[in-house]
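Scroll down for the structure; my scribbles are underneath it.
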Amino acid sequence: MKIMVIDGNSILNRAFYGVRLLTNREGLYTNAIYGFLSTLFKLQDDEQPDRVVVCFDVREKTFRHERFDTYKATRKGMPDELAMQMPVLKEVLDAMGVTRCELPGFEADDLLGTISRVVCEHGDTCVVVTGDRDSLQLAGNGTVVRLVTSKMGQTLYKNYDADTFREEYGFDPIRLIDLKSLMGDSSDNIPGVPGIGEKTAKALLADFGTLDGIYENLEDARIKKGAREKLRDGEQSARDSYWLATIDRNVALPLDPTALPPAFVDQEALTALLTRLEFKNFLKKFALQADAQTEQPQAEHAAPQLVAAEEDAFALLTALRGEQPVAAVVPVGRTAIAVLSNGTPHALVERDFSAEAWREIVRRLFDGGIPLVLHDARELLAALMRDGIEPRGIAFDTCLAAYLLDATQGSYDLERVSLSYLNRQLPAVSFEDENAFSPLGGRDEAVAAMVQHVCAVDALYGELAPKLEENNMRALYDTIELPLMTVLADMQRIGCKVDPAQLRAFGSTLDTRIAELTTAIYAHAGEEFNINSTKMLGAILFEKLGLPARKKTKTGYSTNADVLEELRGYHPIIGDILEYRQLTKLKSTYVDGLLKVIDPRDGRIHSHFQQTVTATGRLSSTEPNLQNIPVRTELGRELRRMFVAEDEHTVLVDADYSQIELRVLAHIAHDAAMIEAFRAGKDIHAATASQVFHVPLKEVTPQMRSSCKAVNFGIVYGISDFSLAQDIGVSRKEAGEYIEKYLHTYSGVKQYMDGAKARARETGYAETLLGRRRYLPELQSKNRNIQSFGERVAMNAPIQGTAADIIKIAMVRVWNRLRAENRRARLILQVHDELIVEAPEEEREAITALLREEMEGALAMDAPLVAEAKAGHDWYTAH
DNA sequence: GTGTTCACG
DNA sequence: ACGTACGTGAACACC
292 MKIMVIDGNS
302 ILNRAFYGVR
312 LLTNREGLYT
322 NAIYGFLSTL
332 FKLQDDEQPD
342 RVVVCFDVRE
352 KTFRHERFDT
362 YKATRKGMPD
372 ELAMQMPVLK
382 EVLDAMGVTR
392 CELPGFEADD
402 LLGTISRVVC
412 EHGDTCVVVT
422 GDRDSLQLAG
432 NGTVVRLVTS
442 KMGQTLYKNY
452 DADTFREEYG
462 FDPIRLIDLK
472 SLMGDSSDNI
482 PGVPGIGEKT
492 AKALLADFGT
502 LDGIYENLED
512 ARIKKGAREK
522 LRDGEQSARD
532 SYWLATIDRN
542 VALPLDPTAL
552 PPAFVDQEAL
562 TALLTRLEFK
572 NFLKKFALQA
582 DAQTEQPQAE
592 HAAPQLVAAE
602 EDAFALLTAL
612 RGEQPVAAVV
622 PVGRTAIAVL
632 SNGTPHALVE
642 RDFSAEAWRE
652 IVRRLFDGGI
662 PLVLHDAREL
672 LAALMRDGIE
682 PRGIAFDTCL
692 AAYLLDATQG
702 SYDLERVSLS
712 YLNRQLPAVS
722 FEDENAFSPL
732 GGRDEAVAAM
742 VQHVCAVDAL
752 YGELAPKLEE
762 NNMRALYDTI
772 ELPLMTVLAD
782 MQRIGCKVDP
792 AQLRAFGSTL
802 DTRIAELTTA
812 IYAHAGEEFN
822 INSTKMLGAI
832 LFEKLGLPAR
842 KKTKTGYSTN
852 ADVLEELRGY
862 HPIIGDILEY
872 RQLTKLKSTY
882 VDGLLKVIDP
892 RDGRIHSHFQ
902 QTVTATGRLS
912 STEPNLQNIP
922 VRTELGRELR
932 RMFVAEDEHT
942 VLVDADYSQI
952 ELRVLAHIAH
962 DAAMIEAFRA
972 GKDIHAATAS
982 QVFHVPLKEV
992 TPQMRSSCKA
1002 VNFGIVYGIS
1012 DFSLAQDIGV
1022 SRKEAGEYIE
1032 KYLHTYSGVK
1042 QYMDGAKARA
1052 RETGYAETLL
1062 GRRRYLPELQ
1072 SKNRNIQSFG
1082 ERVAMNAPIQ
1092 GTAADIIKIA
1102 MVRVWNRLRA
1112 ENRRARLILQ
1122 VHDELIVEAP
1132 EEEREAITAL
1142 LREEMEGALA
1152 MDAPLVAEAK
1162 AGHDWYTAH
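Anchor point for the first sequence: position 161 equals 452 in the working numbering, and the numbering is continuous, going up by one each time.
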C-alpha cells in the first residue's frame, strides 16, 4: 500500500502565487484551487498512490504558539483572494473522496510527520508532498518527501529519501532541525543563534554533527572565538529554536492512516463544483474516467430521427417554416445537418442524398422562411456565400449572445458555453469530416453527438435570450452584433487582393539588406550567433561587449527597441540590430506571412474577422491579421502598396474616423470645453495645448501640441504620471503637473473618470453608450496593481468600446446601403477606426460620399463624428 | 506551451 | 516600495 500525504497549505499557497489570478463569473477567485488540483492530478499520475490524504493547518493557536507567542508572528495572514479559495478547495477534495486531515493545535507538517511515521511503521510506503524544505526532516525510514518548488515560473518536483538528501546536503535529514536551531528561520520567526548564519551553522554541524555535539565541545579549537561567544549567549535561543523546528511525529491523529477508505467520487457534487469553478478541462478529465459508470444524461428529447429520403427532408423543411425559432447545427462543410423540430431532433446526412437534392435542402434551410438559431455561424455564412447561397433567416446566434453576456471569457465554443450555462458536457466531435458520417466512421455516434449539440443550441437559446433582455442588451444584439455577423462573413468571403509579384520583389530587397546587416553584426560581435535569440543577443551585448544592461525580463536581459535605442551611442552594432529587427519583422511576418495566405483560387487574402474575441467589443483579425499592417515607418508603409484594387477599373476607398475615441470621451464626459473644441472643428491636440497652457491657438508650439497629444492618448487609457513621463520623456513630476492641468481644464473629463470608477465598483462592470458590458472582478482585488488595472479599464472600456460600437453600426449601415443601391462596391476591411471599400472606378465619388455619410451618421453625439475618405488604386495611396 | 518582441488602433 | 497606460495577433526561440 502506498499512501500519499500532501501539505495542503503549502501546495495551495504555492499554487496561488504560481498561477495567474483567475475568477469565475460570480467573482470567486479560483487560481489557487486550479493550481492545487493540477498538482494533485500530476502527483497521482506520477506516484499512483493507493490512498491520498491532504493535511491542513487549522486557523488557531498551535502548541508552538502556546509556548512562544513570537512563533510565526511576522507571518502575514493569507490574502483574501487566497483565503476565500480554501473552503471551496476542501469541498472539492471531499467530493473527490480525498481524505482530509486537520487537527486544532497542530500544523499540517505535524500531521504529515505523524501519518508518515505510522504508515511506515505499519510497513506501507509513504510519499509526503510539500513545498516546504523544513519538512525534508521527515525523509527516511520508508518516507519519501516529494518537494515541489518553482523556478522561473515552472514547477519542479524532486523526491528525497535519506540517501538523496545526504547526497545534496551532506548530513542526515533529521539534522535540518539542528541547522535551523542555529541559523534560525526568518519566515517562521525562529530566532536561532543571533549572529550565526547559514555558513557558520553548516560548518559547525559538519564538525560536530548535532546541536548537542556542538555544545558538548564548545571549547574545541575548531570553533572561532566570536562564534563561541555567540553560541554561549544564544544557547537558550538555540534550544528553543530546536524545539520549535522539530516536527511532532506523535500527534493523536483524528484518523487511522493505515485504514484509509478508498476514494469514493461523488459525481454529482464534483460536477456541480467544477462547473461552478469553470474548470472545463478537469470536468472533461472526470467525465472520461467516469464514462463507464455514469453515462452522460441525454437531453430529454425523443430519439433522433435520421431523415434519409428526399421527400421526408423537404416535408421536414416545410414543417419548420413559420415564426418559431429552429435550432440547427450545420458544419461549415455541410456534411450533415441537425435541426430541432417541435422538440424532436432530426439529422440529415449529405451522403444519403443526391448532390442536387442536398443543395436544395441547404438552400431551403437558409432561404429566410425558417428563423434559425445557430452557434457561431459566421464561418458557415461565409462558406454559404462563397457557394452562391445567400443565407437568410439567421434569428439568433448563441455564441454571439454568450460573448455579449460576458466578453472576457476568451472562447465560446459550444462545449464551453453549454458547460457554463447548461451544466451539460457535450461530446467533442468534429462534424467537418465527412467520414464521421460514413457507416464505417461510426455514423450513429456522429449523429448522436450532433443531436446533443443541436439540443444544446436550443437550450442555450432558451437561457441566453432572456439574459440578454435582463441586461438590456437586446437592441445591441439585434441591431449591431447579429447583422454584423453577416457583414463580416461577406467581407471574409470577398477578401482583399494583394500583388504577389510586388510583394516578392519587396521581399528580395529586404533580404539583400538583411544579409548585409547580418554580416556587419557578426563582425561587430566577433562571432556568429542567432540574432533573433534574445538570450544570445543579450549575452553578446551585455556580457561580451559589456554594454550597460538597464532592464531585465523574467528570463534575462531585455533587448527591446526602447532599451536598444538608449544604447545607440555606445556601439555601432546597436543601430544595425535595430534595423535588422525591423527588416526581419517585415520580411517574416508580412512578406512571407502574407504570401502564405493568398488563396490560390482567387489570388486574394481572406482574413477572418473575429467577433467574439476582445474584451472591449472591438473586432480582431486573424490568418492573417490585416489590422496591423505597418504604417508608422515609411519602409513598412510600402507594404500597403501591395494591397491593391481588383484591376485598373477599380479603386479602394479608405475612410477613417477622425479622433473617434476623444470625441466619444468628450460626449460621454459631457465636457463642455472639449465638445466645443470639436464642434469648432479645431485640431484637438493643438486646442488642448492652447487651453491647458492658456495661450492663443496660434502660439501653440509643436512641442506643446505633442505633449498634449500624448496626454490625450494617456487619458483615454487611464493615465498615470509614470507612464506619461516615460512616453514623452519628462520627469514624473512634470508629467503629473501636465495631467493635473489637463484635468483642471477639462473638468468634465475629471468627473467622468471618477464616476466611471465609482459606477464600475458599484455594478461590477463598465458599460458603453450602447450597453455593452465589461465585467471587472479586478476591482475586488486587494492587490493594488490589479485594482489599479481594473480602474484604468473601467475608464477605458466605455471609450474604446463605444468607438467599437459606433464603427460596427457604420459597417452595417454601409453594407446595407451598398446593397440597397445595388452597388458593385464591396466592404472589405475594418481597422478599428477605418473602413475600406473596393469599388468600381465609376462609383468612386458616390462611395466616398456614402462612406462619410454612413460613418458620420452612425451615432448622434455632442462632439460630432467626422470621417475622412479618400480613394486610390492601392491602400498606400487611398489612406 | 510560454515568453519576448513588435506590428497596428 | 512597487510597477504602471488600453486593446489585439504573429513570429521566433526555448523549454
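Note that CB positions come from ideal geometry on N, CA and C, so glycine has one too.
Are there 16 or more other CB atoms within 10 angstroms of the CB of Ile294, so buried, or fewer, so exposed?
buried
Would you mind stating whether Leu836 and Ala816 have Cβ atoms separated by less than 9 Å?
yes
I need the DSSP call for Tyr362, collapsed to helix, strand or coil.
Tyr362: coil per DSSP, three-state reduction.
Taking a contact to mean a Cβ-Cβ separation below 9 Å, would you say Ala1151 touches Ala1162 in this structure?
no
Hey, would you say Ala492 sits closer than 9 Å to Leu473, going by beta carbons?
yes
When the Cα atoms are used, what is the spatial distance from His592 to Thr1093?
Confidence at His592 is low in this model, with a pLDDT of 49, below 50, so its placement is unreliable and no value can be given for it.
Which term fits Met292, buried or exposed, when burial requires 16 or more other beta carbons within 10 angstroms of its beta carbon?
exposed
Between the C-alpha atoms of Lys1032 and Val983, what's the straight-line distance to the nearest angstrom?
6 Å
Using only the alpha-carbon positions, how far apart do Ala673 and Asp781 sit?
Those two C-alpha atoms are separated by around 6 Å.
Around the C-beta of Asp531, are 16 or more other C-beta atoms found within 10 angstroms, so that it is buried, or is it exposed?
It counts as buried.
Any idea what DSSP makes of Gln589, helix, strand or coil?
Note that Gln589 has pLDDT 45, beneath the 50 cutoff, so the model's placement of it is unreliable and the number below is only indicative. Three-state result, Gln589: coil.
May I have the straight-line CA-CA distance separating Val310 from Glu382, to the nearest angstrom?
20 Å
Secondary structure of Val410, DSSP reduced to three states:
helix
Counting only the same chain and skipping the five closest in sequence on each side, list residues whose C-beta sits under 8 Å from that of Val1105.
Leu1118, Leu1126, Val1128, Leu1141, Leu1142, Glu1145, Met1146
Pull up the distance between the alpha-carbon of Ala590 and that of Asn1087, whole angstroms please.
Residue confidence is low: Ala590 scores 47 on pLDDT, short of 50, so the model does not pin down where it sits. No coordinate-derived value is stated.
Measuring CB to CB, does Leu926 end up less than 9 Å from Leu869?
With respect to the 9 Å criterion, Leu926 and Leu869 are not classified as neighbours on the basis of their beta carbons.
Are the Cβ atoms of Phe728 and Ala806 separated by less than 9 Å?
no
With C-beta atoms as the reference, is Thr941 less than 9 Å away from Glu1112?
no
For Ser721, write down the residues that DSSP places opposite it in a beta bridge.
Beta-bridge pairing links Ser721 to no other residue.
Quick check: what's the CA-CA separation for Lys842 versus Ser849?
5 Å
Endpoints, alpha helix (DSSP H) assigned at Glu1125:
Where Glu1125 is concerned, there is no enclosing alpha helix (DSSP H), although the beta strand (DSSP E) it sits in stretches over 1125-1131.
Is Arg1050 near Ala1095, with beta carbons less than 9 Å apart?
no
Measure the beta-carbon distance from Ile1138 to Val944 and round it to whole angstroms, keeping in mind my assumption that it falls under 8 Å.
5 Å
Span separating the alpha-carbon of Ser998 from that of Thr1036
15 Å
Secondary structure at Arg707, three-state DSSP: helix, strand or coil?
Shown here, Arg707 sits in a helix according to DSSP, grouped into three states.
What residue range does the beta strand (DSSP E) around Gln596 cover?
596-598
Within the stretch 300-374, ranges of the beta strand (DSSP E) (whole runs, at least 3 residues):
342-347
Tyr1037 (DSSP reduced to helix, strand or coil)
coil
Inter-residue CB distance, Lys878 and Gly798 (contact presumed, cutoff 8 Å):
6 Å
Assess, as a yes-or-no matter, whether the stretch 900-907 is touched by the stretch 762-781 under the definition of 3 or more beta carbon pairs within less than 8 Å.
yes
Using only CA atoms, which one of Cys392, Pro485, Arg655 lies nearest to Lys471?
Pro485
Beta-carbon proximity list for Pro1155, same chain, < 6 Å, skipping 5 on both sides:
none
So which of Ile487, Cys417, Asn300, Gly388 has the shortest CA-CA distance to Glu520?
The shortest Cα separation from Glu520 among Ile487, Cys417, Asn300, Gly388 belongs to Ile487.
What are the uninterrupted segments assigned as alpha helix (DSSP H) that are 4 or more residues long and contained completely in the stretch 731-801, given in chain order?
734-761, 773-785
How many Å lie between Arg1063 and Gln700 at the Cα?
Approximately 15 Å between the Cα atoms of the pair.
Pairing CB atoms from the stretch 708-728 with CB atoms from the stretch 616-624, are three or more of them under 8 Å?
These segments touch.
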